[in-house]
Amino acid sequence: MKLRVPFLCVALLSVGIMPVAAVGSRSFSEGANSDSAEPAPAIAPDPSSENPSKENDRTQWWASPSVIPSQKLIAEKPSSQSEELEVKVSVENQVQKLNSDLTVASEYKRNIQKISSKAGRMPRSQGLLEISNSNRASPNPDIEPITDIPKLNDIDRPSTSVEGLLQQSPSSFIVSDAVRISQSVVQVTGVKLNPTGGGLEVILETEAGQLLQAITRTEGNSAIADIENAQLALPSGEEFRVQNPDRGIAEVTVTQLEGSRIRVTVTGQNAAPPAQVIKSDRGLVLSVTPGNFDPIEIVVTATRTAEVIQNIPRSVTVITRSELEQQTSLSRNLQDIIGREVPGLGAATQSRSQGGQNLRGRNISFLVDGVPISPNTQGRALQTIAPDAIERIEVVRGPNAIYGSQATGGTINIITRRPSETRLSQRSEVGLTAAAGNRRFLESGSFGNYIAHSLSGTEGAYNYAFSFSRESTGTFYDAEGDRIFNNRPLDQSATFNVLAKAGVNLDSQQRLQLTFNHYRSTQVDNEYINDLSVNTRPAGTEKARALRVGELEIIDSNPPRDINTLFNLTYTNDRIFGSQLQAQAYYRSNSLNFFPTDFRDAFFQNIAFGQVEHQNWGGRLQIETPVFTAANLLWGVDYNNEYNTIVQDIFDPVAYDESGGRVYRKIDERVEVPRYDLSQLGLFAQLQWEISDNFLVSGGLRHQRIGFSVDDYTTFPANADIEGGDLDFNSTVFNVGAVYKITDTFNVFGNFAQGFSIPDFGNLLRRPPAGFSIEGDFKQLEAVRVDNYEIGVRGNWQQVQASISGFYNTSKLGESFLLDNRGFPIGINRAPQRIYGVEGTLDWRPGGGWQLGGTATWQEGEDDVNQDGDYLPLNSSIISPLKLTSYIQHQTTPGWRNRLQLVYIGDRDRAFDKKVDLADIDNYLVVDYISSIEIGPGTLNIGIENLLDSQYFPVRIQRAGGFNNSERFAARARSLNVRYVINW
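In terms of numbering that gives the first Met the number 0, the sequence shown has 79 at position 80, counting the first letter as 1, and numbering is strictly consecutive.
In structure tokens, the structure reads:
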């Protein structure tokens, strides 16, 4: 019986079981309760206070002398009376010396006196420093005026030691409006976060409303306030931390520093939010207003240049670092993560294979920092890098030729972790996973573990980033308590990933960066094989079963695994002859092994498994040149060279049978797909023109020349001799798009874009048709060219972000796989295709710490296999059923956040009814729960995948099960993921 769940009911379900502890209050607090503060004016940043991007720029801004840890306040008196002064120090940056002119002026009726002196040596610390209180109308008659001006040798000089210098920050500072000199330490008894209509207030509560002294500055994406003469006295300890408390804000922390100092850090998701200090009788209020950037603009580079999403005439999705970290609480498999987060993308397969996970029904161009990682045949692009090495994922939905071929469905660019702007930052993480289903709750064999550590920093002109992770997965069980067998397994695996990145700013305009990433995932300690006896019953009536035979012994060959190594060297020059230049050179090596299988009654007629080898190298050169006012031309050249081959290891059938399927002794190897080489040279130009503040247009073209070469070879297992050859062909595609901004927060967009992809030559060469020749069958080898039309609207308001788009694309010569009786690809079919669909997104922050939203994807498509005008539905490995996602999230307390999310996959019977699919697709619903709790110095994250413990089969598996039951793998049952993270 099929499960039919309307989307409204699904949303109500997610709301109804949301595990939250508090609903009423709109604020998050710790410690004593407080009334709302009446804001008072505060000193705003001086226009010149922008933090310079390069140390050698000589720029001045406003700050306080107390920013140097070794300095004391200039005016201190032992009596309880105090006099407020205006001090102005002009400091010129110098590596070897510091010349300063110090002016100390009394507000009382006396003349300004000047003192000039040379201070001690220190690194350049740019700035104009000022402390002032100009609100006093007249001097206090009860306070005796100061008659002596302090002498320079009475003032502590800046630190000249290495440790002292490294503590000094070159950032900009703003002194709060009220600066008072106090001998006593003020106790901060509570921290409260109060969401406002335009941002967030961070309230530091004191016992009697004592006035706190604050110095604010910006550093990277963070607004920082340092509080002097203050001590945290919170019930929970010496730190306050809340993640994602409001839109545009990634984290708020309040920590105790040495020397009776408190630091408040508010980190923005994309930039440092503007912050002001407000006087309050409750203590101190730091008002953060990311709404000043309204709308908050996310910049992406998947279009090859840094562009704000609102200016791109395409549908774009960005998975941020914070979203990645949240979703890894459920699964560290990238297929699962992007399958939940990206509209238009097919459902996850829960295996190493990406088969059926298309974007808008077509191929995806996968990139890592712009390096192509999508091989021409048998690729697993998402099994090449671990999530901890990723900064964000940018997805351009819809055909394009931005980076070259293979993007007929869209482009997914994975951006690796970037160095931090501080001297050193580190992150440590440990985790534990286990089955939590009703029938296998915390089963001993299901336990897995995870450990990771990363560090990054900047030291002068140099910066670096390094991360390492190791994950060990246990046994997977389905909701019926049975062990899952998958011939492309993720369970019983050990996965390692190392990312190393080093960069240097050659000068203020030039940068050189080298990135290295190595990924290895291998199945270990496996004792199970596929029970082929289930194939004796009609296809689609039984699930695949695991048969325990003892620990497998693979002799003279390798277990199932994925290995990927990538080197990437990038050079940028921000100003060369008035243009911006970026050059890139890269090398990538990739290999993967399948699970050994008994094919004696099938295609290979042996016990065998495939070993796939890919290798590619190349380079990119792009130049962005201003053409005229508000118009830029991006132009350049790309080159990529790759080779692919598949070799089948043949195993001894006698050893296999005598051991009951446990021993695999290699006795031979045969070439299944001969090595073939592909070279691609692309020339491109793209114009972007902002005609007015409301109207933007873009357009361009790309010419691609493709070379294909293969030597003579003999097919396996048919033993047919095929003559090799060389083939050259080309494709020229163009695009045009426009964005019209109805308001600053709402726009409409449309585009016509062409994309192309090279057909899977491996599947063609594996079993070519009779009489096939390389030079004679050009139609089989010709590139797939797609014409795409898209129109959409999107809004980016302070509390709501929404979009909806529709697309229609066609190809005169599409591509689909021909399968044998067990569902294995044995060739390709070329025929006209058309695909169309609608996608929508919604995110809403109603206030009070609540967030909710979701996505919707519907698509369909047909092809004309017989080319007679009679179009039939495309199969369900190309066209995904209806996909709906929904989430509801609540910041229950300042240190506790809860999220409930779901994915609903609908029915698809259309292809089955026309006998294109051998099985119809049944709907299923998966509900997940994520919670994060601030405990001690770090965060405890708890994820429960498949919360309702539903028994279901992913879309790709349902279709494959129509061929034979041994391919019909059930999905994972409820599983538990617990991890603890410390940032330090």
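We put the beta carbon where it would ideally sit given N, CA and C, even for glycine.
Subject >> Host beta strand (DSSP E) of E227 (start-end) >> reply: Translated into the one-based positions of the sequence shown, residue 227 becomes position 228. It spans S221 to E227 - the beta strand (DSSP E) in which E227 sits, taken as one unbroken run.
Original post:
If you draw a straight line from the C-alpha of V799 to the C-alpha of G822, how long is it?
Top reply: Counting from one through the sequence shown, the residue named residue 799 turns up at place 800. Counting from one through the sequence shown, the residue named residue 822 turns up at place 823. Distance between the alpha carbons of V799 and G822 is about 45 Å.
Original post:
What is the DSSP secondary structure of Q230, reduced to helix, strand or coil?
Top reply: Sequence index remark: in the sequence shown, residue 230 carries index 231 (1-based). Here Q230 sits in strand by DSSP.
**OP:** Provide the residue(s) that pair with T884 in DSSP beta bridges, ordered along the chain.
**Re:** As a position in the sequence shown, residue 884 is number 885, starting the count at 1. Answer by DSSP bridge pairing, in chain order: T854 and V902.
**OP:** Kindly list the residues whose CB is nearer than 6 Å to the CB of D711, restricted to its own chain and excluding five residues on each side of it in sequence; keep chain order.
**Re:** In the sequence shown, the residue the question calls residue 711 occupies position 712. E722 and G723, listed in sequence order.
**OP:** Kindly identify the DSSP beta-bridge partner or partners of R262.
**Re:** One-based indexing of the sequence shown puts residue 262 at position 263. BP columns for R262 point to D225 and T254.
Subject >> Backbone secondary structure at E966 - three-state DSSP >> reply: Mapped onto the sequence shown, residue 966 falls at position 967. In the structure shown, E966 sits in a helix (DSSP, three-state: H, G or I).
Original post:
Should the segment 424-441 be regarded as contacting the segment 474-491, the criterion being three or more beta carbon pairs within less than 8 Å?
Top reply: yes
Original post:
By Cβ distance below 6 Å, which residues in the same chain neighbour S404 in space, the five residues on each side in sequence not counted?
Top reply: Residue numbering aside, residue 404 sits at position 405 when the sequence shown is read from its first letter. F755, S756 and I757, listed in sequence order.
**OP:** Quick one: residues in its chain with C-beta nearer than 8 Å to the C-beta of I878, no 5 flanking neighbours on either side, listed in chain order?
**Re:** To locate residue 878, count along the sequence shown from 1; it is residue 879. Only G360, I834, Q858, E859, G860, P872, R907 and A910 meet the Cβ criterion.
Subject >> Y951 (DSSP reduced to helix, strand or coil) >> reply: Indexing the sequence shown from 1 puts residue 951 at position 952. Coil.
Original post:
DSSP on E859, reduced to helix/strand/coil?
Top reply: For the purposes of this step, residue 859 is taken as the residue at position 860 of the sequence shown. Correct three-state label for E859: strand.
**OP:** Rounded to whole angstroms, what's the CA-CA distance from L505 to G459? Just pull it up for me.
**Re:** The sequence position of residue 505 within the sequence shown is 506, counting from 1. The sequence position of residue 459 within the sequence shown is 460, counting from 1. About 11 Å.
Original post:
According to DSSP, is V523 helix, strand or coil?
Top reply: As a working note, residue 523 is residue 524 in the sequence shown. Three-state DSSP puts V523 in coil, outside helix and strand.
**OP:** Could you check how far apart the C-beta atoms of N874 and D912 are, in whole angstroms? I think they sit under 8 Å.
**Re:** Locating residue 874 in the sequence shown gives position 875, where the first residue counts as 1. Locating residue 912 in the sequence shown gives position 913, where the first residue counts as 1. With a Cβ gap of about 12 Å, N874 and D912 do not count as contacting.
Original post:
What is the DSSP secondary structure of R331, counted as helix, strand or coil?
Top reply: Translated into positions along the sequence shown, residue 331 becomes position 332. R331 falls in the coil class under three-state DSSP.
Original post:
Is N762 helix, strand or coil by DSSP?
Top reply: Mapped onto the sequence shown, residue 762 falls at position 763. Three-state result, N762: helix.
Original post:
Whose C-alpha, out of Q950, G219 and S183, is nearest the C-alpha of Q211?
Top reply: By 1-based counting over the sequence shown, the position of residue 211 is 212. Before going on, a small fix: residue 211 reads as Leu here, not Gln. For L211, the nearest C-alpha among the options comes from S183.
**OP:** Please state whether DSSP places A39 in a helix, a strand or coil.
**Re:** Counted from its first residue, the sequence shown places residue 39 at position 40. Confidence in A39 is poor, its pLDDT being 36 and thus under 50, which makes the residue's placement unreliable; the coordinate value appears in the next sentence. Of the three classes helix, strand and coil, the one that applies to A39 here is coil, per DSSP.
**OP:** Note down the Cα distance separating S772 from Y638, rounded to an integer number of angstroms.
**Re:** To locate residue 772, count along the sequence shown from 1; it is residue 773. To locate residue 638, count along the sequence shown from 1; it is residue 639. The alpha-carbon atoms of S772 and Y638 are separated by roughly 27 Å.
**OP:** State the DSSP-derived secondary structure class of D912, mapped to helix, strand or coil.
**Re:** Numbered from 1 along the sequence shown, position 913 holds the residue referred to as residue 912. D912 falls in the helix class under three-state DSSP.
Original post:
Going by DSSP, what residues sit across from T984 in a beta bridge?
Top reply: Only positions 0 to 983 of the chain appear in the structure, and residue 984 is not among them; the question remains open.
Subject >> Cβ pair N516, Q491 closer than 7 Å >> reply: As a first step, residue 516 is located in the sequence shown; it is residue number 517 there, counting from the start. As a first step, residue 491 is located in the sequence shown; it is residue number 492 there, counting from the start. For N516 and Q491, no; Cβs fall outside 7 Å.
**OP:** Please state if the CB of A271 and the CB of S328 are separated by a distance shorter than 7 Å.
**Re:** Numbered from 1 along the sequence shown, position 329 holds the residue referred to as residue 328. Numbered from 1 along the sequence shown, position 272 holds the residue referred to as residue 271. It is not a contact, given that the beta carbons lie outside the stated cut-off.
Subject >> Exposure label - D648; buried when at least 16 CB within 10 Å >> reply: Here residue 648 refers to the residue found at position 649 when the sequence shown is read from its first residue. Answer is buried; the Cβ neighbour count reaches 16.
**OP:** Find the nearest neighbour of I690 within the set R766, N362, A737 and Q425, judged by alpha-carbon distance.
**Re:** Translated into the one-based positions of the sequence shown, residue 690 becomes position 691. Looking at the Cα atoms, A737 is the closest of the given residues.
**OP:** List the endpoints of the continuous beta strand (DSSP E) containing Q268.
**Re:** The count along the sequence shown starts at 1 and reaches residue 268 at position 269. Unbroken run through Q268: none, as it is neither H nor E.
Original post:
Within 7 Å (strictly less), CB to CB, does T535 reach chain C?
Top reply: The chain labelled as chain C is not found in the depicted structure, where only one protein chain is given.
Original post:
Since F728 sits in a beta bridge, which residues does DSSP pair it with?
Top reply: Translated into positions along the sequence shown, residue 728 becomes position 729. Paired residue(s): I705.
Original post:
Quick one: complete beta strand (DSSP E) runs, 3+ long, within the segment 803-847?
Top reply: 815-818, 824-828 and 832-846
Original post:
What is the rounded straight-line gap between the Cα of N375 and the Cα of R240?
Top reply: Reading the sequence shown from its first residue, position 376 is the one you call residue 375. Reading the sequence shown from its first residue, position 241 is the one you call residue 240. Computed Cα separation, rounded: 47 Å.
Original post:
Near E37, what residues of its chain come up, given a Cβ to Cβ distance below 6 Å and the 5 sequence neighbours on each side ignored?
Top reply: For the purposes of this step, residue 37 is taken as residue 38 along the sequence shown, with counting starting at 1. Here E37 scores only 38 on pLDDT, less than 50, and its place in the model is too uncertain to base an answer on.
Subject >> Proximity of A752 and P398 at Cβ, strictly below 7 Å >> reply: The count along the sequence shown starts at 1 and reaches residue 752 at position 753. The count along the sequence shown starts at 1 and reaches residue 398 at position 399. Result yes, Cβ atoms of A752 and P398 sit closer than 7 Å.
Original post:
Would you report the Cα separation of R958 and I929, rounded to the nearest angstrom?
Top reply: Numbered from its first residue, the sequence shown carries residue 958 at position 959. Numbered from its first residue, the sequence shown carries residue 929 at position 930. Going from the Cα of R958 to the Cα of I929 covers about 31 Å.
**OP:** Report the rounded CA-to-CA distance for N134 versus V276, giving the unit in angstroms.
**Re:** Within the sequence shown, numbered from 1, the residue matching residue 134 stands at position 135. Within the sequence shown, numbered from 1, the residue matching residue 276 stands at position 277. Residue placement at N134 is poorly supported in this model, since its pLDDT is 37, which falls under 50; the coordinates still yield a value, given next. One C-alpha to the other measures close to 16 Å.
**OP:** Check whether the Cβ atoms of A213 and L283 sit closer than 7 Å, and answer yes or no.
**Re:** Looking up residue 213 in the sequence shown gives position 214. Looking up residue 283 in the sequence shown gives position 284. Against a cut-off of 7 Å, the Cβ pair of L283 and A213 comes out as a contact.
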